[in-house]
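Trainee: I'd like to ask you about the structure that follows.
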Amino acid sequence: WNPTTKMGCGNCEWLNRLKTVPVFHLFMTTSFFLSGVLINFIQCILFYSLRYLSKTVYRIINDYLCYSIWAQLVFLAEWWSNSEVYIYTSEETLKRLGKEHALILMNHTYELDWLMAWMTCVKCDTLGSSKVFVKKVLKYVPIVGWTWNFAEAVFVQRKWEQDKIIMMNQLNELTQFPLPVWLLLFPEGTRFTPDKHVASKEFATKAGLPILEYHLTPRTKGFILTVEQLRGKFPVIYNISMGFNLKEGAKPTIRNILQGHRVVCEIYLESIPLSSLPSSEKDISDWLQNTFVKKDKLLGSYIETGSWTEKNNLPPYAKHKIPRKYGTLFNSIFWLFFINVPLLYYLLICVVERAWMPLIVAGIVVLIVFWGLHSLMGLTKIS
Numbered sequence: 001w002n003p004t005t006k007m008g009c010g011n012c013e014w015l016n017r018l019k020t021v022p023v024f025h026l027f028m029t030t031s032f033f034l035s036g037v038l039i040n041f042i043q044c045i046l047f048y049s050l051r052y053l054s055k056t057v058y059r060i061i062n063d064y065l066c067y068s069i070w071a072q073l074v075f076l077a078e079w080w081s082n083s084e085v086y087i088y089t090s091e092e093t094l095k096r097l098g099k100e101h102a103l104i105l106m107n108h109t110y111e112l113d114w115l116m117a118w119m120t121c122v123k124c125d126t127l128g129s130s131k132v133f134v135k136k137v138l139k140y141v142p143i144v145g146w147t148w149n150f151a152e153a154v155f156v157q158r159k160w161e162q163d164k165i166i167m168m169n170q171l172n173e174l175t176q177f178p179l180p181v182w183l184l185l186f187p188e189g190t191r192f193t194p195d196k197h198v199a200s201k202e203f204a205t206k207a208g209l210p211i212l213e214y215h216l217t218p219r220t221k222g223f224i225l226t227v228e229q230l231r232g233k234f235p236v237i238y239n240i241s242m243g244f245n246l247k248e249g250a251k252p253t254i255r256n257i258l259q260g261h262r263v264v265c266e267i268y269l270e271s272i273p274l275s276s277l278p279s280s281e282k283d284i285s286d287w288l289q290n291t292f293v294k295k296d297k298l299l300g301s302y303i304e305t306g307s308w309t310e311k312n313n314l315p316p317y318a319k320h321k322i323p324r325k326y327g328t329l330f331n332s333i334f335w336l337f338f339i340n341v342p343l344l345y346y347l348l349i350c351v352v353e354r355a356w357m358p359l360i361v362a363g364i365v366v367l368i369v370f371w372g373l374h375s376l377m378g379l380t381k382i383s
């Protein structure tokens with residue numbers, strides 16, 4: 001059942017209007033931040049106790065704790081806004097998704113590419129065990145950064161001599177995870193913007209590298225090290241090109257998702273055995289550059305025609321819709337009631353008893369929550 005379809009409750013125009021009301025955004029944001037603090041507290045205890053006794057048990061439990069936080073964000077896309085992800089890939093690859101360690105090679109073009117990647121993870125049962133390369137400064141961002149830290153994400157500082165050691169150690173840890181790990185890698189290093197694209201093309205011209213029209217020139221050092229560390233331990237690379245169907249859905253922004261506007265994401269997914277990559281650093285670097293030339297052709301064809309393969313000779317995979325799973329819905333409903341009902345009851349008691357200090361504190365908390373929501377949107381916004 002989906003409340004935005006006719007099957008749910010007519011055309012539900014009234015429900016769509018309700019989704020734009022700030023008070024509902026406040027409930028969801030409060031639920032996310034307070035449940036996040038609670039879960040982070042539990043993770044902290046386990047990280048400094050259970051992890052030293054058994055990394056395997058810690059990682060299995062932490063998988064569910066991470067899921068419980070990230071699933072609230074996926075809920076906004078999957079259920080609140082009725083957004084959808086379609087995957088173009090082979091039948092053989094579709095059957096293997098979520099059943100093995102994989103390095104996910106993605107374009108970093110849109111505000112919501114990370115959220116759509118997580119939606120895909122949910123469908124393939126890898127949300128809790130999904131990992132990312134992320135700037136070290138984000139490690140200290142409440143909820144999001146703390147969760148990445150306890151999830152053993154790969155934090156980098158853009159200082160290669162230091163990053164190299166950190167990456168080698170952390171990638172080795174990821175190969176020992178008991179559950180299938182999806183390691184998300186954006187080789188472009190930063191999100192695509194017009195200004196960055198101009199600078200990227202200038203750099204590519206000077207370096208004699210391919211000029212890309214829809215991507216930034218990929219950075220190869222980190223990718224080379226990642227391949228060398230994961231070879232023989234991660235069986236596959238999923239080369240993902242992501243686009244958004246603006247004829248069927250809204251512009252992919254956090255604000256549109258929060259206001260209940262449907263976003264339609266389409267993914268072209270190619271499975272590449274990691275063992276098939278060349279062995280020398282130069283050849284791996286060339287492979288990555290050539291792969292991004294192919295990604296550029298794919299995305300160019302999609303943007304211009306709506307088809308991934310109409311303007312190139314790449315395989316025209318069938319379109320697949322993986323069924324939704326109710327875990328994100330039930331998880332979010334639980335936290336919405338667990339957090340907000342006691343809070344509202346307590347505030348009502350304060351009003352009846354004219355206890356003004358708790359109400360003032362509550363007002364300050366509301367401001368902090370809205371500031372946190374604004375900051376979250378700012379982290380993903382493309383300028």
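Mapping the sequence shown onto full-length UniProt numbering, position 271 (from 1) lands on 271, and the numbers just tick up by one. Note that the Cβ used here is the ideal one computed from N, Cα and C, for glycine as well. Note that the structure is predicted; figures quoted are calculated from it, not measured.
Counting pairs of beta carbons, one from the stretch 289-305 and one from the stretch 121-135, are three or more of them closer than 8 angstroms?
Mentor: No contact exists between the stretch 289-305 and the stretch 121-135.
Trainee: Under a three-way DSSP split, which group does LYS247 fall into?
Mentor: Coil.
Trainee: Mark GLU92 as exposed unless 16 or more other C-beta atoms lie within 10 angstroms of its C-beta, in which case mark it buried.
Mentor: Counting Cβ neighbours within 10 Å, GLU92 comes out exposed, since fewer than 16 surround it.
Trainee: Give the DSSP bridge partners of ILE333, in chain order.
Mentor: ILE333 is not bridged to any residue.
Trainee: Using C-beta distances below 8 angstroms, list every residue in its chain close to HIS320, excluding the 5 sequence neighbours before and after it, in chain order.
Mentor: TYR86, ILE87, TYR88, THR89 and LEU94.
Trainee: By Cβ distance, which residues of its chain are closer than 7 angstroms to SER383, with the 5 residues on each side in sequence left out?
Mentor: Note that SER383 has pLDDT 45, beneath the 50 cutoff, so the model's placement of it is unreliable and the number below is only indicative. These residues qualify, in order along the chain: THR193.
Trainee: Below 7 angstroms between beta carbons: does that hold for LEU288 and PRO210?
Mentor: Not a contact, by the Cβ cut-off of 7 angstroms.
Trainee: Under a three-way DSSP split, which group does GLU84 fall into?
Mentor: Residue state, collapsed to three classes: strand.
Trainee: ALA77: which of LYS297, GLY260 and ASP286 sits nearest, CA to CA?
Mentor: Of the candidates LYS297, GLY260 and ASP286, the one whose C-alpha sits nearest the C-alpha of ALA77 is GLY260.
Trainee: What distance in whole Å lies between the Cβ atoms of SER31 and GLN72, which are believed to be in contact at a cut-off of 8 angstroms?
Mentor: Contact flag correct, Cβ pair sits at about 7 angstroms.
Trainee: What residue from VAL198, PHE33 and GLU266 has the CA that sits closest to PRO252's CA?
Mentor: Here the closest residue by C-alpha is GLU266.
Trainee: Taking the straight line between their C-alpha atoms, what separation do you get for ILE364 and MET357?
Mentor: The straight-line gap from Cα to Cα measures roughly 11 angstroms.
Trainee: Alpha carbon to alpha carbon, how far is LEU347 from HIS108? Give it in angstroms, no decimals.
Mentor: C-alpha separation (whole angstroms): 43 angstroms.
Trainee: Do you know offhand how far TYR67's Cα is from GLU188's?
Mentor: Roughly 27 angstroms between the two C-alpha positions.
Trainee: Just checking, does the stretch 276-286 make contact with the stretch 219-236 on the three C-beta pairs under 8 angstroms criterion?
Mentor: With the cut-off at 8 angstroms, the stretch 276-286 and the stretch 219-236 touch.
Trainee: Taking the DSSP output, what are the residues bridged to SER241?
Mentor: BP columns for SER241 point to TYR268.
Trainee: How about TYR238 and LEU277: are their beta carbons less than 7 angstroms apart?
Mentor: It is not a contact, given that the beta carbons lie outside the stated cut-off.
Trainee: Which whole-angstrom value is the C-beta distance of GLY128 and TYR58, which I expect to be below 8 angstroms?
Mentor: Not quite, the Cβ-Cβ distance comes to about 13 angstroms (not below 8 angstroms), so this is no contact.
Trainee: Count the other C-beta atoms from every protein chain shown that fall within 10 angstroms of the C-beta of GLN43, then say buried if there are 16 or more, exposed otherwise.
Mentor: Burial call: buried.
Trainee: DSSP state of ILE303, grouped into three classes?
Mentor: Looking at ILE303 - three-state DSSP - the assignment turns out to be helix.
Trainee: Taking C-alpha atoms, which residue in GLY327, LYS221 and GLN176 lies nearest to GLU161?
Mentor: Taking only the C-alpha atoms, the option nearest GLU161 is LYS221.
Trainee: Checking 7 angstroms against the spacing of the C-beta atoms, do MET106 and VAL74 come in under that value?
Mentor: The answer is no: Cβ separation not under 7 angstroms.
Trainee: Identify every run of the alpha helix (DSSP H) within the stretch 176-244, keeping only runs that are complete inside it and at least 4 residues long; order them along the chain.
Mentor: Here the runs fully enclosed are 194-207 and 221-230.
Trainee: How many Å lie between LEU103 and ARG354 at the Cα?
Mentor: Spanning the two alpha carbons is a distance of roughly 57 angstroms.
Trainee: Please classify GLU213 as buried or exposed, where buried requires at least 16 other C-beta atoms within 10 Å of its C-beta.
Mentor: With fewer than 16 Cβ atoms within 10 Å of its Cβ, GLU213 is classed as exposed.
Trainee: For GLY243, count neighbouring C-beta atoms within 10 Å of its own C-beta (all shown protein chains included) and say buried if the count is 16 or more, exposed if not.
Mentor: GLY243 should be labelled buried.
Trainee: Exposed or buried, what is ARG17 when buried is set at 16 or more other beta-carbons lying within 10 Å of its beta-carbon?
Mentor: So ARG17 counts as exposed.
Trainee: Suppose the cutoff is 6 angstroms on Cβ atoms and the five residues either side in sequence are ignored; what does the same chain contact list for THR5 look like?
Mentor: Confidence at THR5 is low in this model, with a pLDDT of 46, below 50, so its placement is unreliable and the value that follows should be read with caution. Counting only Cβ-Cβ distances below 6 angstroms, and skipping sequence neighbours, we find nothing.
Trainee: How is ILE364 classed by DSSP in three states: helix, strand or coil?
Mentor: Of the three classes helix, strand and coil, the one that applies to ILE364 here is helix, per DSSP.
Trainee: Does PRO273 come out as helix, strand or coil in the three-state DSSP assignment?
Mentor: PRO273: strand per DSSP, three-state reduction.
Trainee: Which class does PRO104 belong to by DSSP, given the choice of helix, strand or coil?
Mentor: Residue identity differs from the one stated: residue 104 is Ile in this sequence, not Pro. If DSSP states are grouped into helix, strand and coil, ILE104 belongs with the strands.
Trainee: Along the chain, which unbroken stretches of the alpha helix (DSSP H) at least 4 residues long are found entirely within the stretch 100-149?
Mentor: Counting only runs of 4 or more, we get 113-123.
Trainee: Determine whether the beta carbon atoms of HIS25 and LEU336 lie at a separation below 7 angstroms.
Mentor: Taking 7 angstroms as the Cβ cut-off, HIS25 and LEU336 do not qualify as a contacting pair.
Trainee: Which residues share a DSSP beta bridge with PHE41?
Mentor: Its beta-bridge partners do not exist; DSSP assigns none.
Trainee: Given this structure, state the Cα-to-Cα distance separating PRO142 from ILE368, to the nearest angstrom.
Mentor: Going from the Cα of PRO142 to the Cα of ILE368 covers about 12 angstroms.
Trainee: What number of angstroms, rounded off, separates the C-alpha of LYS294 from the C-alpha of ILE240?
Mentor: Their Cα atoms are separated by approximately 11 angstroms.
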